[in-house]
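This report refers to the structure that appears directly beneath it.
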Amino acid sequence: MASLARVNLLPTSRTLASGVPLAPRINHAIPTGLGGGHHHGATGARSDVPQSFAFKSTVRGHVGRTNALPTSSSTQQRFFSSTPTKSDSHPMAAATGVHRQSATGVPDFSPYKAKNAGLNRTISYFMVGGLGVLGASGIKSTVSDILSNMAASADVLALAKIEVEMGAIPEGKNLIVKWRGKPVFIRHRTPDEIDEANAVDVKSLRDPEKDDDRVQRPEWLVMLGVCTHLGCVPIGEAGDYGGWFCPCHGSHYDISGRIRRGPAPLNLEIPEYAFNDDDEKIVIG
1 MASLARVNLL PTSRTLASGV PLAPRINHAI PTGLGGGHHH GATGARSDVP QSFAFKSTVR
61 GHVGRTNALP TSSSTQQRFF SSTPTKSDSH PMAAATGVHR QSATGVPDFS PYKAKNAGLN
121 RTISYFMVGG LGVLGASGIK STVSDILSNM AASADVLALA KIEVEMGAIP EGKNLIVKWR
181 GKPVFIRHRT PDEIDEANAV DVKSLRDPEK DDDRVQRPEW LVMLGVCTHL GCVPIGEAGD
241 YGGWFCPCHG SHYDISGRIR RGPAPLNLEI PEYAFNDDDE KIVIG
């Protein structure tokens, strides 16, 4: 019986490191076409043989190109819209606070929109009304303080009116009192002085004025002791007409206080006064 000898022959073709034979220009990764692909029609190439653009040869093997179908469905993004897509509901998007922007670059602030617009409007009206009330109170207080400071003080009001006893002034005598910072002449005239004042021709006077228009009672003459020229204080029972004389510039007034000579343009001024017969007083002011 002959002996069986086993001999390892050298390979007749090149192999890869994995043991797969090196077959140039054949891509083992490309699936065959439908129907077996063994039909050799005269109108075209074999369907089971890949075209040259589907693979290329390299030193180490073949690289195939295939058009793989998508493994998952994708959501098409809608442009020119600020409506968030399904991807906005991802937990990471909510955690990071990232909001989708439209194609115009305007952010979507709809999460910050007020849930109850009527309540917010009521609160706004209440705040505006409250601020208005506070402002009005402050203005009222300020105006009241200003008006109170502008009002005359107690001592000024006390001098607004003065009372003079008529019995303290003898007939034919003068009394000088101070009223609102000015001297006031009070003359208790005699009957002869009254007749002299009425006998004057009014047309000859610089400032025509009857004696009856200057007194409330003929025996009492009340007037401001201020010269109508430059404000000097005339001297009583002096001058050319037996009345008052201003030593500053030589103005002469008669027994009724009317200007008769000198630079003074007007008669002596008559203040506001009244008689209190019950108390026998003259109230000036």
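For reference, each letter of the sequence shown is one residue, going 1 to 285 in full-length UniProt numbering.
Ideal Cβ placement from N, Cα and C applies to all residues, glycine included.
Please read these numbers as outputs of a predicted model, since none were measured by experiment.
Residues that residue i bridges to, as DSSP identifies them
i	result
GLY236	TRP244
ALA5	Answer is none; ALA5 lacks a bridge partner.
PHE275	ILE282
THR228	Answer is none; THR228 lacks a bridge partner.
ILE259	TYR253
ARG189	According to DSSP, ARG189 bridges with nothing at all.
ARG217	TRP220
Distance CB(residue i)-CB(residue j) smaller than 8 Å
i	j	result
HIS249	ARG260	no
ILE284	ILE176	no
GLY243	ILE235	no
CYS246	GLY257	no
residue 288	ARG180	In this structure the chain extends from 1 to 285, so residue 288 is not present and cannot be described.
GLU280	MET166	yes
ILE186	GLU219	no
VAL164	ILE282	yes
LYS182	LEU224	yes
ASN267	GLU196	no
GLU237	ASN198	no
VAL226	VAL233	yes
Coil, strand or helix - residue i by DSSP
i	result
LYS161	coil
ILE139	helix
GLU128	Glu is not the amino acid found at residue 128; the sequence shown has Val there. Here VAL128 sits in helix by DSSP.
ILE169	coil
PRO183	strand
ASP88	Because ASP88 carries a pLDDT of 46, less than 50, the predicted location of this residue cannot be relied on, and no value is offered for it.
ARG206	coil
GLY250	coil
CYS222	Sequence inspection shows Val at residue 222; the Cys mentioned does not correspond to that position. In the structure shown, VAL222 sits in a strand (DSSP, three-state: E or B).
PRO107	strand
VAL177	strand
residue 286	With the chain covering only 1 through 285, there is no way to say anything about residue 286.
THR122	helix
VAL133	helix
ASN116	coil
ASP212	coil
ASP201	coil
Per-residue burial, residue i [other beta carbons within 10 Å of its own, 16 or more giving buried]
i	result
THR228	buried
PHE109	exposed
ARG121	exposed
ARG217	exposed
ASP211	buried
ALA264	buried
ASP277	exposed
VAL202	exposed
VAL133	exposed
VAL128	exposed
THR85	Residue placement at THR85 is flagged as unreliable, the pLDDT there being 45, under the threshold of 50; a coordinate-derived value is accordingly withheld.
GLY239	buried
VAL184	buried
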